[in-house]
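Numbering (this note's numbering), first residue to last: 74 to 726. In this text, a Cβ means the ideal position worked out from N, Cα and C, and glycines have one as well. Reading through the structure tokens given below for one structure.
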Ligand code: AHR
């Protein structure tokens, strides 16, 4: 027979509790019968940008770096051996015209290439890797190429021979099964007999990818996104949308269709920070807009593409001449309109047909579109109106997201908001990378926001502690701050932590939500906070009052709550940022006396600087208990520095 506990008793077991050191009990009053405001399903989202090698070398599972020889130094990432030359006459792919020519005559060394991957290639024992390339030669008989995976100890961990022949560019493929796991393998291909041949788009993928899509996404990283249960997926940037120059801005049309012909672009995070330069950081666009829409669908999140507004990065380009003139924006506006058609148009339209040809005849049902990333001042105001007008005229249902610049307050922020009000934008994107103190103080940020204008999209935020690590302290401050998002769900429609991914050896910016190396993935304490919110969004926020006022830091307590009318759940959140335990008691009106199931998810950690690392990925993880409770007045002690989400099964009405 199942045991039924009073929550109070159980929590005495869950949380170490002694009477000593517990402050006076706080009584929190919730009225289930009076839902305050609806919560948008998009409330807790994610923001993906190709920063920190998040796409190439990260989520996009391609293991070869510079597969098309289009980096500025065409052989970057490749170790050439013997007769190796870059050519571009009669190319295989017109938009990626360079290819490599290997000539083996009588040299001692042999001729071939080795690719170093992204700080090596992660391969797993017994797993299958799909190797392919395009080749041509002018011999009458076939030419043998030996392909090998080389382990970090220089041992050969997979090997195959492929024969190529014929004057026409032809695709060749084989598979390699790795004999062992290695984080830093590399790929070697050598001509084994004299001759000459051209090669292009040399590619190596794990066979096993997310949803088993050929040449798709790294399974562990995509799963980490799926398991976060985001309601919104913002992509592809961030600063890469702007580019340092207009020529290097993100152009979505370059990112769809055959991957071989998606023109490679430099990544602006290649050189943005002098102290963290990555000359080998480029965008292959193998993860492009079709894949982004597909991923949104796979993880059940509303897509939110961000497009360039005719401005290159305003930090880098103070001179207006570096931007597209305001009277020459039509190609940019067309890009926005065409994107909506690509996502939603029926298959008789130009771009809807293209989507169908790429394998998705059904519309992606795009509802949101942002134009501009961190834009501010007159340059943005001069341009953005034309976009709004054109989008409204053709697609009145699209919810338009405008920018309020890079900072969460100040002159430019106010100006941006006023412009967005004037233009009747649906949402305004706010960004804040701020200190723990700021996050705690800003738990009330939205309590007095103007309710008449656009809604808020907190599109990029993260708590930055001094060490810039993903510490437990940062996560706890975010959790406390987020009670203010939930409480103000009538004005805050969506949010996203930023940035999302970082490779442990290839990062430019930190903290980040998910870290990874070539084989492992680490979920940070901040990830778990996001997950605790996003897995239980609720349909309506509830008033959560202590002495008649919301708990927004009194005695270091932050609380909010929601009801999920569809699932029949009451969701309580409470963060204790104090270094001592605290006693709380919930009075829940509308919850009839009886037995209830409650799931308690607790994130707590004694050391504020505790973090999860590759070697210790589970130092800070939420702990869960499923219990029965029989009391509508819930009392318990909160651990010092802890955050709880409690889900009570109230049953569907
Ligand atoms: O998230 C990292 C960067 O921060 C984004 O590219 C940009 O929008 C912001 O400045």
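Is residue i near the ligand AHR, with its Cβ less than 7 Å from a heavy atom?
i           : result
residue 537 : no
residue 124 : yes
residue 445 : no
residue 588 : no
residue 533 : yes
residue 504 : yes
residue 165 : no
residue 619 : no
residue 598 : no
residue 594 : no
residue 150 : no
residue 580 : no
residue 312 : yes
residue 309 : no
residue 481 : no
residue 572 : yes
Give every residue of the same chain whose Cβ lies closer than 8 Å to the Cβ of residue i, excluding the five residues on either side of it in the sequence, and list them in chain order.
i           : result
residue 81  : Unreliable positioning characterises residue 81 in this predicted model, as indicated by a pLDDT of 41, which lies under 50. The coordinate reading is nonetheless provided below. Only 704, 707, 708, 709 meet the Cβ criterion.
residue 619 : 99, 100, 101, 102, 627, 630, 632
residue 656 : 95, 96, 97, 98, 99, 708, 709, 710, 711
residue 433 : 363, 366, 367
Determine the burial state of residue i: buried for a count of at least 16 other Cβ atoms within 10 Å of its Cβ, exposed for fewer.
i           : result
residue 348 : exposed
residue 636 : buried
residue 266 : exposed
residue 111 : exposed
residue 236 : exposed
residue 162 : exposed
residue 483 : exposed
residue 146 : exposed
residue 398 : exposed
residue 650 : buried
residue 184 : buried
residue 246 : exposed
residue 716 : buried
Among the residues of its own chain, which have a CB less than 7 Å from the CB of residue i, if the five just before and after it don't count?
i           : result
residue 153 : 186
residue 686 : 595
residue 762 : As displayed, the chain neither begins before 74 nor continues past 726, which places residue 762 out of reach and without an answer.
residue 217 : 234, 236, 265, 266
residue 345 : 581
residue 125 : 572, 574, 575, 576, 579, 580, 581, 582, 585
residue 92  : Any reading at residue 92 needs caution, since the residue's pLDDT is 39, under 50, leaving its predicted position unreliable; the model's value is listed next. Taken in chain order, the list of residues that qualify is empty.
residue 460 : 382, 406, 409, 444
residue 182 : 154, 155
In terms of DSSP beta bridges, what is residue i paired with?
i           : result
residue 613 : 111, 636
residue 696 : 675
residue 207 : 244, 273
residue 117 : 568
residue 504 : 533
residue 649 : 630, 715
residue 708 : 658
residue 288 : In the DSSP output, where bridge partners are listed per residue, residue 288 has none listed.
residue 100 : 658
residue 173 : 159, 272
residue 238 : DSSP lists no partner for residue 238.
residue 625 : 631
residue 538 : Its beta-bridge partners do not exist; DSSP assigns none.
residue 233 : 220
residue 576 : 589
residue 145 : Bridge partners of residue 145: none, in fact.
residue 701 : 670
residue 644 : 635, 720
residue 258 : 194
Short of 6 Å in beta carbon distance, which residues of its chain neighbour residue i, apart from the five on each side in sequence? Order them along the chain.
i           : result
residue 548 : 598, 599, 602
residue 506 : 535, 537
residue 530 : 474, 500, 502, 567
residue 195 : 256, 591, 592
residue 674 : 605, 695, 697, 718
residue 219 : 234, 263, 265
residue 221 : 229, 232, 261
residue 128 : 360
residue 400 : none
Go through the region 305-391 residue by residue and report every complete run of the beta strand (DSSP E) that reaches 3 residues or more, in order. 305-308, 375-380
Give the list of continuous beta strand (DSSP E) stretches no shorter than 3 residues that lie fully inside the region 578-608. 587-589, 594-596
Give the list of continuous alpha helix (DSSP H) stretches no shorter than 4 residues that lie fully inside the region 443-487. 450-467
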